[in-house]
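Here the protein sequences come in this chain order: A and B. Sequential numbering of the first sequence, starting at 1, is according to the working numbering. Sequential numbering of the second sequence, starting at 228, is according to the working numbering. By construction, the Cβ of each residue, glycine as well, lies at the ideal position given by its N, Cα and C atoms. This structure is a prediction, so every number in the text was calculated from the model and none was measured. The block underneath contains the structure these notes are about, expressed in structure tokens.
There are 2 protein chains.
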Amino acid sequence: MSAPRAVVLVSGGLDSATTLAIARADGRDCFALSVDYGQRHRVELDAARRIAAMQGVIEHRILRIDLGGIGGSALTDPSIAVPERPAAGIPVTYVPARNTVFLALALAWAEVLGAAEIYVGVNAVDYSGYPDCRPEYLAAFGALARLATKAGVEGRPLAIRAPLVLMSKADIIRRGASLGVDFRLTVSCYQPDEAGAACGRCESCRLRRGGFEAAGIADPTRYHGAA
Amino acid sequence: MSAPRAVVLVSGGLDSATTLAIARADGRDCFALSVDYGQRHRVELDAARRIAAMQGVIEHRILRIDLGGIGGSALTDPSIAVPERPAAGIPVTYVPARNTVFLALALAWAEVLGAAEIYVGVNAVDYSGYPDCRPEYLAAFGALARLATKAGVEGRPLAIRAPLVLMSKADIIRRGASLGVDFRLTVSCYQPDEAGAACGRCESCRLRRGGFEAAGIADPTRYHGAA
């Protein structure tokens, strides 16, 4: 008998690598989905490939979609600078409706695979400025998924699993470390260099570095420049 | 003062052409969005271009995304035949999570544009076999949109408008005709030839032809073959 199937969204970052490790530890047959959405730096997708391969997924697909053509974020639009200090409100690194697009694609693949779960590494604690990382958003997507799919209509609803949603960065790092995640493979930086080394200055780098410190685990991240 | 902005999903079919005409009649500045999702026939996208141009949209964007890479539907997978007779249950022409993916993309663009509405031509009467065409599905997407976006969080929720959802095909045709929609520009067929002529035999052709008959309006569709 085969294990239950799950689609896992894998971005190349620390959070999704840990989420994939949790899905594996939950005994799921994992199908990793990454989205090439016109992000400025392709090193994220290279990281996603290495993470998926290392963790023994059944299959890894990378879907291309040009969200950069829609614009509106410092992560896809080169004319918007990546900030190095936190600002009030929703940050410019927010990509409009990104998680909704990603979860919709995961839903499509889950339906084709007959998977009963989608695992996603969203986190509401450190990134509370992003509306689509909150528990109430995930609950609304779960409700949508039950109505949106053939499986749901036929009585096999699809569950959205976000095991990190209420964890601190330090807790995520401790959990990932306990599951053997190789954090050297992951990229969190909003502006890495071409070799994947992190800037050490953007908000994502600050959160990551702070998380390793708080977890009492040595930070294996390669930094470039004066950071 | 400029008119309120709306994103309108335009597929190239009769329903979305009528929906766009309704949004224009509602006084909206319309931004047409089409999705190149690996559908077998590109004549739909050519039709979408002509419809958007004829109806004076502010801008028309075509986003590419390879749903064919996910498979599972006769509309994107050449190994699945398009049926010519209605079958029980959800038809093989159903593209997994298609409307969820399309609405998610529309949501992203609406957020960047500051649009307050998304118009979509889904219809629950003739296509009741598709789970993501029902009013309860649309309500769930509306609830998601309120939680998913910066605009929603800041108190400017985005509304999903589906003016056709409970109309018969004949009613849609009458409404479109009254608004001056040129139905010759639209393509409904699941297997048109390269010039855009319809087969006359697939379920979509049957519904369209029956709609013109019931509306008492001459069917301007070009048919190929023995139909």
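Reference B:V262, options B:I292, B:P323, B:M281, closest by Cα: It is B:I292 whose Cα lies nearest to the Cα of B:V262.
Using the C-alpha atoms, what's the distance from B:G427 back to A:I22? 51 Å
Ordered along the chain, which non-local residues of its own chain (more than five positions away) have a Cβ less than 6 Å from that of B:I345? V234, A333, A337, I387
Chain A contact for B:D263 (CB, 8 Å cutoff): no
Mark A:A215 as exposed unless 16 or more other C-beta atoms lie within 10 angstroms of its C-beta, in which case mark it buried. By the 10 Å Cβ count, A:A215 comes out buried.
Strictly below 8 Å CB to CB, what residues from chain B border A:A97? Near A:A97 (Cβ distances below 8 Å), the residues of chain B are A331, L332, L334, A335, E338, A375, T376.
How would you list, in chain order, the residues of chain A whose beta-carbon sits under 8 Å from the beta-carbon of B:R291? The answer, in chain order, is R64, I65, D66.
Check the Cβ of A:R131 against every Cβ in chain B and list those closer than 8 Å, keeping chain order. In the sequence on display, residue 131 of chain A carries Pro and not Arg. The contact set of A:P131 on chain B, defined by CB atoms closer than 8 Å, consists of L374, A375, T376, K377, G379, V380 in chain order.
Ordered list of alpha helix (DSSP H) runs contained in the segment 126-162 of chain A, each at least 4 residues: 135-148, 150-153
Three or more C-beta pairs below 8 Å linking the segment 368-382 of chain B and the segment 409-422 of chain B: no
Can you name the residues that DSSP bridges to A:H60? A:A32
Taking the CB atoms as reference points, tell me whether B:I400 and B:G438 lie closer together than 8 Å. yes
For A:G155, count neighbouring Cβ atoms within 10 angstroms of its own Cβ and tell me buried if that reaches 16, exposed if not. exposed
For B:G283 and B:L340, I'd like the C-alpha separation in whole angstroms. 17 Å
Is the beta carbon of A:G196 closer than 8 Å to that of A:V43? yes
Might you give, ordered along the chain, the residues of its own chain that have their beta carbon closer than 7 Å to the beta carbon of A:Y223, omitting 5 neighbours on each side? A197, A198, G200
Helix, strand or coil for A:R201, going by three-state DSSP, please let me know. Note: A:R201 maps to coil in three-state DSSP.
Just mark A:P131 as buried or exposed, buried being the case when its beta carbon has 16 or more other beta carbons within 10 Å. Result: buried.
Who does B:E344 pair with in a DSSP beta bridge? B:A233, B:A386
According to the Cβ coordinates, are B:G239 and B:I278 closer than 8 Å? yes
Of the listed residues A:V10, A:V125, A:V181, nearest to A:I62 (C-alpha basis): A:V10
Flag B:A454 as yes if its beta-carbon sits less than 8 Å from any beta-carbon of chain A, otherwise no. Note that B:A454 has pLDDT 45, beneath the 50 cutoff, so the model's placement of it is unreliable and no number is given.
Does DSSP classify B:I297 as helix, strand or coil? coil
Is it right to say A:P162 is buried, meaning 16 or more other beta carbons lie within 10 angstroms of its own, or is it exposed? For the record, residue 162 of chain A in the displayed sequence is Ala; it is not Pro. Counting Cβ neighbours within 10 Å, A:A162 comes out buried, since at least 16 surround it.
B:L406, DSSP secondary structure in three states: coil
So is A:G176 buried or exposed if we call it buried at 16+ other beta carbons inside 10 Å? buried
Answer with yes or no whether the minimum CB distance from A:I58 to chain B is below 8 Å. no
Please list, in chain order, the chain B residues whose beta carbon lies closer than 7 Å to that of A:E136. L374
Proximal residues to B:A275 (C-beta, below 7 Å), its chain only, five neighbours per side dropped: Cβ contact annotation for B:A275 (same chain, cutoff 7 Å, sequence separation greater than five): V237, S238, G239, S261, in chain order.
Can B:L434 and B:K377 be called in contact, C-beta distance under 8 Å? no
What residues of chain A sit near B:I297, judged by a beta carbon separation below 7 Å? A108, W109, V112
Using a beta-carbon distance below 8 Å, is A:L144 in contact with chain B? yes
A:I65 - DSSP class collapsed to helix/strand/coil: strand
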